Amino acid sequence: MANSSEPADRNSSDDLNQGDEDFNLTAIGGTNLWFDQGFTRLVYFFAAITVAVLFLMSWVISHEALPAIKQFGLGFLWSQDWDTGNQLFGALPYIYGTLVSSAIAILFAVPIGIAVALVTSENFLPPSLRTTLAFVVELIAAIPSVIIGLWAIFVFIPVLEPLQKWLASTFKWIPLFNTEDPSGTNILTAGIILAIMILPTMAAITRDVLMAIPKELRSASMALGGTRWETIFRVLLPAGFSGIVSAAMLALGRALGETMAVTMVIGNSAQISASLLNPGYTIPSVLANEFAEAEPGLHIGALSYLALILFGLTLAVNIGAVLLVKWVGRKNK
Amino acid sequence: MSGYIQSETDESLARELCSPLATERVIFTYTMNAIAFGFTGLALIPLLSILWEIFVRGISGLKSEMFIKAVIDNGFGNAILGTIIMVVIGAILSIPTGVMTGIFLAEFGQTNSIASIVRFISSILTGVPSIVVGVFAYGVIVLVTKGFSAIAGGFALAVIMLPVIILTTEESLKLIPTSQRLASAALGGTRFQTTLRIVVTAAIPGITTGILLAVARAAGETAPLIFTALFSLDWSEGLLSPTASLPVLIFNLYNDPDPQKSQLVWTTSIVLLGLILCVSIISRLVIRQRRLK
Chain A
1 MANSSEPADR
11 NSSDDLNQGD
21 EDFNLTAIGG
31 TNLWFDQGFT
41 RLVYFFAAIT
51 VAVLFLMSWV
61 ISHEALPAIK
71 QFGLGFLWSQ
81 DWDTGNQLFG
91 ALPYIYGTLV
101 SSAIAILFAV
111 PIGIAVALVT
121 SENFLPPSLR
131 TTLAFVVELI
141 AAIPSVIIGL
151 WAIFVFIPVL
161 EPLQKWLAST
171 FKWIPLFNTE
181 DPSGTNILTA
191 GIILAIMILP
201 TMAAITRDVL
211 MAIPKELRSA
221 SMALGGTRWE
231 TIFRVLLPAG
241 FSGIVSAAML
251 ALGRALGETM
261 AVTMVIGNSA
271 QISASLLNPG
281 YTIPSVLANE
291 FAEAEPGLHI
301 GALSYLALIL
311 FGLTLAVNIG
321 AVLLVKWVGR
331 KNK
Chain B
1001 MSGYIQSETD
1011 ESLARELCSP
1021 LATERVIFTY
1031 TMNAIAFGFT
1041 GLALIPLLSI
1051 LWEIFVRGIS
1061 GLKSEMFIKA
1071 VIDNGFGNAI
1081 LGTIIMVVIG
1091 AILSIPTGVM
1101 TGIFLAEFGQ
1111 TNSIASIVRF
1121 ISSILTGVPS
1131 IVVGVFAYGV
1141 IVLVTKGFSA
1151 IAGGFALAVI
1161 MLPVIILTTE
1171 ESLKLIPTSQ
1181 RLASAALGGT
1191 RFQTTLRIVV
1201 TAAIPGITTG
1211 ILLAVARAAG
1221 ETAPLIFTAL
1231 FSLDWSEGLL
1241 SPTASLPVLI
1251 FNLYNDPDPQ
1261 KSQLVWTTSI
1271 VLLGLILCVS
1281 IISRLVIRQR
1291 RLK
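Chains as they are written, first to last, in the working numbering: chain A, 1 to 333; chain B, 1001 to 1293.
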C-alpha cells in the first residue's frame, strides 16, 4: 500500500523542494527499518525459547524415563517394590507420601492463609500495619527450603515430638495416630513444615482476591445490618470462592514439588501406612536422595519416571489453577 | 396493671434497640476476631523462630577467615565462589531470554494469541518443581558432558530464574504509561526505538529488582544442584567439574557428627539467609513503592 502511493508523493515533494532528494518521511528502508525488523525477530526468537524450554523439558525427562516406561509400563504407578539391587521399581509409596503430606499441608495452610489474608485486607488494623504484616508473611517464601529444613530438625521437631508422643499414646485407637513411640520425623511433621512453606502463596493470592472484591458488596451487606464477620462469611468468602480455590491449588502445586525441607523431616522410609506418625517418603525426596548415585539404566530411568509423574501432577494442578483464574477473570468482566 | 406490662415490653424493646447485636452475634464476632488474630500470630511464629535461631546459633562461629577457606578446612569460601559462579551462569542464560520474553508480552502481544500462549507457558514454568528442573538439567548437560559440573548447575538455575524475570519484566513494562509510547511514536520513533530507548529505559529499575529477586531465589535453591553440580569439599577445578554451593553445603553436612562441621552449617545458614533476605527485602520494597506510585 505504501509502495503504490510512494511515486506520487515523491513527485510532489520533488516539486516543492528540489534540493532535498534524500529526505524521506516514510521510513520503509534503511537502517531504522533494518533495526526494527531485526529487533522484532529477536523478541519473537527469545519468546520462542521460553516456550521451547517447557516442551524440551517434557521431552528430555520422558526420554530419560524411557527404559523404565518400557520395562514397567503403567504398572509402575501401583507397584510397591523398590529394590535397587534386583532392579525392581514401583512408585506407589512415593506417590502416597507426596499426596498425603501435601494434603496435610493444605489442611493447615488454607484456614491460616485465609485468616492472614482477612487480617491484612480488611480494616482490622491501620493500613501501615496491615501492609507490613502482609510483607512479613511473604518473607517466609524467600527463606531457602534447606534452611527451613535445618530449623525444623533442630528446633521444631524437639518442640513437636512430645505433642506427637502424647497424640500416639492417647489416641492410639484412631488409625491415623496408631504408632508405637513416634520419632518426630514423620509424615505429619513434613505436612506441617510444608504448610509453613506454602502459607505465603496462599495468603498473598487470597489477599489479592479479597481486595479485588468491589467495595459496594461490603457496603450493601453492612447496610443491611450485617456485622463484619457476617459480611465476610456470607458475602466476601462466597464472592471470592473460586479465587481462593485457585490460590489453594497453586499452593498445592508448591507443596507437591517441595524437596529439601521435606527430605530432611519425613524420615525417608518407603512404606504405606494409615498412621500419620509413621515415617514416609515423597517423590522429590527420593529424587534428591538417590539421583546423584543412581546407576545409569533402569535406576535412573525409574527415578526419571518418578520425576515425570511429579511433573505431570504439578502441571495438572497449576494449569487447573491458571485456567480457573482466567475463567473467573472473564466472568467478573 | 396493663400499663405496667406495657412498660416492661417497652423496656426490653428499648434494650434491644440500644444494643443492636444479639448476644450470640457479639460472641460470634469476638470468637472470629480471636481465631483470625490467633492464626495470624501462628503464621508469624515460624518466621521469627527461624530468624532468631539461625542468628543465635550461627553468629558465634562467624570468622572472617571462613570466607577464604574451603569446606575441608572448615570454611565456606569454595561454596560462596561456587554459588556466585552458578548464579552468574544462570543470569547470563536467563536475563536476555527473560527480559526479551517480557518485552514480547508487554509490547508486542496485548491482543495477539501467540502472546497469550507464551504468557500461559511462563506462568506454568513458575510452578515446575525445582527438582524436576534438576532432572531436566541432568539430561541436557550432565548426560552430554558426562560429568557433574558448574555449567549444569548454572543451567538448572537459569530455568528457575527465567519465569521470575519474565513476569517481573512484563509487570514493570506495563507500569510505563501508554502516553510515553505514543509520544515517542509521534516523534517518529520506530518500534525498536520506542521500546528500547523509552519504555525499557524507564522500566530499568523495575526490571533490575525483578532480576535481583530471581537471583535471590536461585541462590537459595538446593534441589536441582544436588545432582547437577554435586558438591566438592575443596576448591572447584573448573567449570566442568563438581562445584560446591552454600545450600548444598548445608544439606550435605547438617547430619555431620563433627561439632566443627555442624557449627559450619549454622554459620553458612546465617550468611546465606542474610544475603538472600537483604536482596529480596530491598527488591520487594522497591517493587512495592513503584506499584503504589
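Using N, Cα and C, we set each Cβ at its ideal position, and we do this for glycine too. All values derive from a computational prediction rather than experimental measurement.
Does any residue of chain B bring its CB to less than 7 Å from the CB of residue i?
{"i": "Ala142 (chain A)", "result": "yes"}
{"i": "Ser304 (chain A)", "result": "yes"}
{"i": "Glu64 (chain A)", "result": "yes"}
{"i": "Thr132 (chain A)", "result": "no"}
{"i": "Pro284 (chain A)", "result": "yes"}
{"i": "Thr98 (chain A)", "result": "no"}
{"i": "Phe227 (chain A)", "result": "The sequence given here has Thr at residue 227 (chain A), not Phe. With 7 Å as the cut-off, Thr227 (chain A) counts as an interface residue toward chain B."}
{"i": "Asn186 (chain A)", "result": "no"}
{"i": "Gly240 (chain A)", "result": "no"}
{"i": "Thr259 (chain A)", "result": "yes"}
{"i": "Gly297 (chain A)", "result": "no"}
{"i": "Thr314 (chain A)", "result": "yes"}
{"i": "Phe46 (chain A)", "result": "yes"}
Below 6 Å, is the gap between the Cβ of residue i and the nearest heavy atom of the ligand MG?
{"i": "Gly113 (chain A)", "result": "Summarising the ligand content, the structure contains no ligands, and the ligand MG is consequently not present."}
Mind checking who residue i pairs with in its DSSP beta bridge?
{"i": "Phe89 (chain A)", "result": "A:Trp82"}
Start and end of the alpha helix (DSSP H) containing residue i?
{"i": "Met1066 (chain B)", "result": "Counting along the chain, Met1066 (chain B) falls outside any alpha helix (DSSP H), and DSSP gives it neither H nor E."}
{"i": "Arg1119 (chain B)", "result": "1113–1126"}
{"i": "Gly257 (chain A)", "result": "241–257"}
{"i": "Glu1053 (chain B)", "result": "1023–1059"}
{"i": "Glu161 (chain A)", "result": "157–170"}
{"i": "Leu277 (chain A)", "result": "Where Leu277 (chain A) is concerned, there is no enclosing alpha helix (DSSP H), given that its DSSP letter is neither H nor E."}
{"i": "Ser1184 (chain B)", "result": "1178–1186"}
{"i": "Leu1249 (chain B)", "result": "1246–1253"}
{"i": "Ala1156 (chain B)", "result": "1150–1174"}
{"i": "Leu150 (chain A)", "result": "145–151"}
{"i": "Arg234 (chain A)", "result": "Arg234 (chain A) -> no alpha helix (DSSP H), and no H or E assigned at all."}
{"i": "Thr201 (chain A)", "result": "187–211"}
{"i": "Arg218 (chain A)", "result": "215–223"}
{"i": "Ala1137 (chain B)", "result": "1130–1137"}
{"i": "Leu1240 (chain B)", "result": "Looking at the DSSP string, Leu1240 (chain B) is not in any alpha helix (DSSP H), and its letter there is neither H nor E."}
So with Cβ pairs under 7 Å, would you call residue i a contact of chain A?
{"i": "Arg1191 (chain B)", "result": "yes"}
{"i": "Gly1058 (chain B)", "result": "no"}
{"i": "Tyr1030 (chain B)", "result": "no"}
{"i": "Val1135 (chain B)", "result": "yes"}
{"i": "Leu1273 (chain B)", "result": "yes"}
{"i": "Gly1139 (chain B)", "result": "yes"}
{"i": "Leu1047 (chain B)", "result": "yes"}
{"i": "Glu1171 (chain B)", "result": "no"}
{"i": "Ile1151 (chain B)", "result": "no"}
{"i": "Gly1127 (chain B)", "result": "yes"}
{"i": "Asp1073 (chain B)", "result": "no"}
{"i": "Val1118 (chain B)", "result": "yes"}
{"i": "Thr1040 (chain B)", "result": "yes"}
{"i": "Ala1043 (chain B)", "result": "yes"}
{"i": "Glu1144 (chain B)", "result": "Residue identity check: residue 1144 (chain B) is Val in the sequence provided, not Glu. No, because no Cβ of chain A sits closer than 7 Å to the Cβ of Val1144 (chain B)."}
Applying the 10 Å Cβ sphere with the 16-neighbour rule, what's the burial state of residue i?
{"i": "Trp1266 (chain B)", "result": "buried"}
{"i": "Leu323 (chain A)", "result": "exposed"}
{"i": "Gln164 (chain A)", "result": "buried"}
{"i": "Leu1182 (chain B)", "result": "exposed"}
{"i": "Met211 (chain A)", "result": "exposed"}
{"i": "Tyr1030 (chain B)", "result": "exposed"}
{"i": "Arg330 (chain A)", "result": "exposed"}
{"i": "Gly1075 (chain B)", "result": "buried"}
{"i": "Ile1045 (chain B)", "result": "exposed"}
{"i": "Leu160 (chain A)", "result": "buried"}
{"i": "Arg1217 (chain B)", "result": "buried"}
{"i": "Arg1057 (chain B)", "result": "buried"}
Closest Cβ-Cβ distance between residue i and chain C: below 7 Å?
{"i": "Ala292 (chain A)", "result": "Going by chain labels, chain C is absent from the structure shown, which instead holds the protein chains A and B."}
### Message
To be precise: take each residue of the segment 76–91 of chain A, compare its Cβ to all Cβ atoms of chain B, and keep it if any distance is under 9 Å. Which residues remain?
### Response
none
### Query
Using a beta-carbon distance cut-off of less than 9 Å, what residues from the segment 1075–1107 of chain B approach chain A?
Pro1096, Thr1097, Gly1098, Val1099, Met1100, Thr1101, Ile1103, Phe1104, Leu1105, Glu1107
### Query
Taking a cut of 7 Å between CB atoms, which residues from the segment 1242–1260 of chain B lie near chain A?
Pro1247, Ile1250, Phe1251, Tyr1254
### Query
Closer than 7 Å, Cβ to any Cβ of chain A: which residues of the segment 1197–1230 of chain B, in chain order?
Against chain A - using a Cβ distance shorter than 7 Å - the residues of the segment 1197–1230 of chain B are Ala1216, Gly1220, Thr1222, Ala1223, Ile1226, Phe1227, Leu1230.
### Query
Relative to chain B, which residues along the segment 150–167 of chain A have a C-beta separation below 8 Å, given in chain order?
Cβ proximity to chain B below 8 Å picks out Leu150, Trp151, Ile153, Phe154, Val155, Phe156 from the segment 150–167 of chain A.
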